[in-house]
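For reference, the structure is listed below as structure tokens.
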Amino acid sequence: MTKTKKSRRDFLKAAGVTGGVAAVAAVALSSKSVKAAVPESGKSAGYRETEHVKKYYELARF
Amino acid sequence: MGRNGEEGLKGPELLDNPTEQSDRAIAEEDLERAHLYALLARVLAEPMGDETLEVVRAIEGKSDGNELGGAFAALGTVAVRTPRGSAEDEYSALFYGDGARGELLPYASYYLTGFLLEKPLANLRGDMAALGIQTSGISKEPEDHIACLCEIMHGLITGAFNEPASLETQKKFFMTHMAPWAGQFFTDLEGAESATLYMPVGTIGRLFMAIEAQAFELAA
């Protein structure tokens with residue numbers, strides 16, 4: 184981890200965003216307003232479950 | 033997307049996850065930021081339904097010397113004693129109004145120009161297109177509604193639209209579309225006459241906007 188990443192992470196923790204100051208339930212967000220744009224080719228159908236997204240939902244335990 | 037299942041409601045154990053890795057796709061602190069944006073989007077997009085109220089009631093905050101923790105504790109406490117009907121009435125008074133307009137107008141255009149559907153909305157639409165984000169058509173609100181902007185930040189962090197966006201991209205979007213006014217909006221929400229349940233929401237939002245701005249500076 185770079186120094187910059189660490190200082191940002193430490194700051195977020197001290198500010199209470201991470202580190203258990205608040206136990207915020209992983210809120211399931213059913214997106215009301217926005218979605219991924221469909222490219223003009225029309226080939227990709229919006230939302231894609233990428234590895235990152237899968238990982239996110241796995242971690243968030245939906 | 034239909035993932036708002038019951039098991040998601042009581043999932044605060046994320047922090048106990050022992051797999052502490054610095055190289056995983058989305059860092060722990062960024063997941064927490066995403067959760068916060070999701071929470072704000074959810075309570076600001078529409079009146080809280082039973083499911084949302086359950087989520088909010090389950091929030092526990094430790095108020096030991098941390099302002100944000102104190103605000104979470106307050107929100108959880110107020111939510112426990114707020115029935116759904118009262119939550120709906122409060123939302124209506126704040127954002128819809130009885131006949132006239134609501135107490136607050138949670139749009140970037142209004143805060144930055146004094147009018148709705150102004151240039152900030154046009155600029156936002158341009159940036160959304162560039163980022164590959166479009167409106168879902170479900171919400172009738174213009175995109176510069178605070179809840180929509182929180183949804184976009186959530187999606188940029190998690191990669192719900194495409195790949196997770198870089199901190200640089202997140203920073204640019206935040207600084208352009210939220211930083212100039214969202215702090216003031218949340219301050220207004222915190223002090224709004226009709227706000228009881230939404231007072232701590234305002235506090236959380238106000239603190240979080242300031243934290244985000246500072247954290248992005250550290251990442252620069």
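Protein sequence lines correspond, in order, to chains A and B. If you read the first sequence in my numbering, its first letter stands for residue 184, the second for the next number, and so on. If you read the second sequence in my numbering, its first letter stands for residue 33, the second for the next number, and so on. Every residue gets a Cβ at the ideal spot worked out from N, C-alpha and C, and that includes glycine.
Item to check | Where residue 169/B falls: helix, strand or coil (DSSP) | outcome: coil
Item to check | Buried versus exposed, by CB contacts within 10 Å (16 or more), residue 187/A | outcome: exposed
Next on the checklist: Check for me: the beta strand (DSSP E) holding residue 219/A runs from which residue to which?
Outcome noted: Unbroken beta strand (DSSP E) run through residue 219/A: 217-219.
Item to check | Identity of the residue in 70/B, 58/B, 201/B, 78/B nearest residue 170/B by Cα | outcome: 78/B
Item to check | Simplified DSSP assignment, three categories, for residue 92/B | outcome: Correct three-state label for residue 92/B: strand.
Checklist entry - When burial is assigned at 16 or more other CB atoms within 10 Å of the CB, is residue 185/A buried or exposed? => result exposed
Next on the checklist: Please report whether the beta-carbon of residue 201/A lies at a distance below 7 Å from any beta-carbon of chain B.
Outcome noted: Yes, its Cβ sits closer than 7 Å to a Cβ of chain B.
Checklist entry - In whole angstroms, what is the alpha-carbon distance linking residue 165/B and residue 196/B? => result In a straight line, the C-alpha of residue 165/B is about 13 Å away from that of residue 196/B.
Next on the checklist: Taking the straight line between their C-alpha atoms, what separation do you get for residue 177/B and residue 138/B?
Outcome noted: For residue 177/B and residue 138/B, the distance between alpha carbons rounds to 6 Å.
Next on the checklist: I'd like to know whether the C-beta atoms of residue 153/B and residue 239/B end up nearer to each other than 7 Å.
Outcome noted: no
Checklist entry - Within 10 angstroms of its Cβ, does residue 62/B collect 16 or more other Cβ (buried), or is it exposed? => result buried
Checklist entry - Can you find a CB in chain A that lies within less than 7 Å of the CB of residue 167/B? => result Interface with chain A (7 Å Cβ-Cβ cutoff): residue 167/B is included.
Checklist entry - Do residue 65/B and residue 236/B have their C-beta atoms within less than 7 Å of each other? => result No. Outside cutoff.
Next on the checklist: By the DSSP assignment, the alpha helix (DSSP H) with residue 240/B in it spans what residues?
Outcome noted: 230-251
Item to check | Neighbour list for residue 218/A in chain B, Cβ cutoff strictly below 7 Å | outcome: 166, 168
Item to check | N-terminal and C-terminal residue of the alpha helix (DSSP H) that residue 112/B is part of | outcome: 99-112
Checklist entry - If you count every other CB in all the chains shown that lies within 10 Å of the CB of residue 116/B, and 16 or more means buried, which is it? => result exposed
Checklist entry - Just the Cα atoms here: how many angstroms apart are residue 211/B and residue 241/B? => result Each residue's alpha carbon lies about 7 Å from the other.
Checklist entry - Among residues of its own chain, excluding the 5 on either side of residue 183/B, which ones have a beta-carbon nearer than 7 Å to its beta-carbon? => result Within the same chain, residue 183/B has close Cβ partners 73.
Item to check | Check whether residue 84/B and residue 217/A have beta carbons under 7 Å apart | outcome: Going by C-beta atoms, residue 84/B is not nearer than 7 Å to residue 217/A.
Checklist entry - Using a threshold of 6 Å, is the CB atom of residue 219/A nearer than that to any non-hydrogen atom of the ligand PLP? => result With respect to the ligand PLP, the structure offers nothing, as it holds no ligand at all.
Checklist entry - Who does residue 209/B pair with in a DSSP beta bridge? => result Answer is none; residue 209/B lacks a bridge partner.
Next on the checklist: Is the separation between the beta-carbon of residue 107/B and that of residue 91/B shorter than 7 Å?
Outcome noted: yes
Checklist entry - Near residue 159/B, which residues of its chain fall below 8 Å by C-beta distance, leaving aside the five closest residues on each side in sequence? => result Within the same chain, residue 159/B has close Cβ partners 205, 208, 209.
Checklist entry - the region 65-88 of chain B: which residues have C-beta closer than 8 Å to a C-beta of chain A, in chain order? => result 65, 66, 67, 68, 70, 71, 73, 74, 77, 78, 87
Next on the checklist: With a threshold of 7 Å between beta-carbons, can residue 264/A be considered close to chain B, or not?
Outcome noted: Look at the range of chain A in this structure, 184 to 245, and you will see that residue 264/A is not part of it.
Checklist entry - By a C-beta neighbour count over all protein chains shown, 10 Å radius and 16 as the cutoff for buried, is residue 201/A buried or exposed? => result buried
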